[in-house]
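A short worksheet on the structure shown next.
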DNA sequence: CATATGAGTTAGCGGAGACTAACTGGCAAT
DNA sequence: ATTGCCAGTTAGTCTCCGCTAACTCATATG
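Chains as they are written, first to last, in this note's numbering: chain A, 1 to 124; chain B, 1 to 124.
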């Protein structure tokens, strides 16, 4: 049911690296997230067992449909929260940083509420 | 520096029980938070070592100045976040629930930003 | 007086999720 | 062909923070 914050974070960062680099290895994830390669290795093992990702023959990481959906959802939450905080006067870097924690705490329903609010009260 | 979410949660709930009951024992905390008495016992031990709380002769829990300050700060964050979410359309109960996680993720500076925003854009 | 109850503690366990140390296997350069 | 590097994995450790089991102690109740 409840995915752990840690797994969600790995998925989000894999997505970001996919956008940035085109293809992603475990060591890229380790470098981006500031964790060791063994940590990534065991996290990837878990995500693979949960059918969120798979590795191709060359060792690059790809999303399954499920993994992609979850990664994109979290990334959307991250972006929305960052924009919201910035428009409330929080600095770009702090907003980005704190959104990383908040994003795991809000449900999809709450995301929709915030999104509607943002569109009608702020973006407008 | 970074207090754990768990400790912050204990402090917040002790504060709430103080307001509600006047005085607070470990078992009250256990019941309110849905954890076992041994869990509370070890959490209180930690908070006592950190000089956040102390016990009086009868076994009731009281805040030190430091503990009170931190508990009130977290409680303020909780209230503000709940009100913010509710005014964005999130239900009272979900807002309250999710605020419990978000409250540990926002800095004091971000709290001030949200507070200003709330006062000028929503409460007004 | 004997016993039951309730609060608190201690000891020990378990899962998450990080870490280090050390091994493997591929590939490049000398 | 040997050496060295880089990516990945495995094994084992640590910390945090829950849990259960079991003990202590005080109070209340038969």
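All C-beta atoms, glycine included, are put in the ideal place defined by N, C-alpha and C.
Taking the CA atoms as reference points, residue 11 of chain B sits about 32 Å from residue 115 of chain A. Using a CB distance below 9 Å, the part of the region 70–94 of chain B facing chain A consists of 85, 87, 88, 89, 90, 91 and 94, ordered along the chain. Under the 8 Å criterion on CB atoms, residue 105 of chain A is classed as interfacial with respect to chain B.
Residue pairing by DSSP places residue 54 of chain A opposite A/62 in a beta bridge. Excluding sequence positions up to five before and after residue 86 of chain A, its CB lies within less than 7 Å of the CB of 92 and 95, all in the same chain and listed in chain order. In this chain, the alpha helix (DSSP H) harbouring residue 99 of chain A covers 92–102.
A distance of 8 Å or more separates the beta carbons of residue 105 of chain A and residue 65 of chain B. Look at the beta carbons and you see the region 33–48 of chain A not touching the region 70–78 of chain A: under three pairs across the two are nearer than 8 Å. Taking 8 Å as the threshold, the shortest C-beta distance from residue 98 of chain B to chain A falls below it. Contact between residue 26 of chain B and residue 42 of chain B does not hold, since the beta-carbon distance rounds to 10 Å and is not under 8 Å. Chain order gives the chain A residues near residue 110 of chain B as 85, 90, 94 and 98, where near means a beta carbon separation below 7 Å. Residue-level contact by beta carbon holds for residue 117 of chain B and chain A, with a gap shorter than 8 Å. Put simply, the CB of residue 28 of chain B is far from chain A, with every gap to its CB atoms at 8 Å or more. Under the 8 Å criterion on CB atoms, residue 14 of chain A is classed as non-interfacial with respect to chain B. Listed along the chain, the chain A residues whose CB falls inside 7 Å of the CB of residue 114 of chain B are 88. Residue 52 of chain B and residue 46 of chain B have their C-alpha atoms roughly 9 Å apart. Under the three-state reduction of DSSP, residue 23 of chain B is assigned to coil, being neither helix nor strand.
With a threshold of 8 Å between beta carbons, residue 102 of chain B makes contact with chain A. Taking a contact as a CB-CB distance under 8 Å, the pair residue 103 of chain B and residue 74 of chain B counts as one, their CB atoms being some 6 Å apart. Between residue 60 of chain A and residue 24 of chain A, the C-beta gap is smaller than 8 Å, which places the two residues in contact.
Taking 8 Å as the threshold, the shortest C-beta distance from residue 121 of chain A to chain B falls below it.
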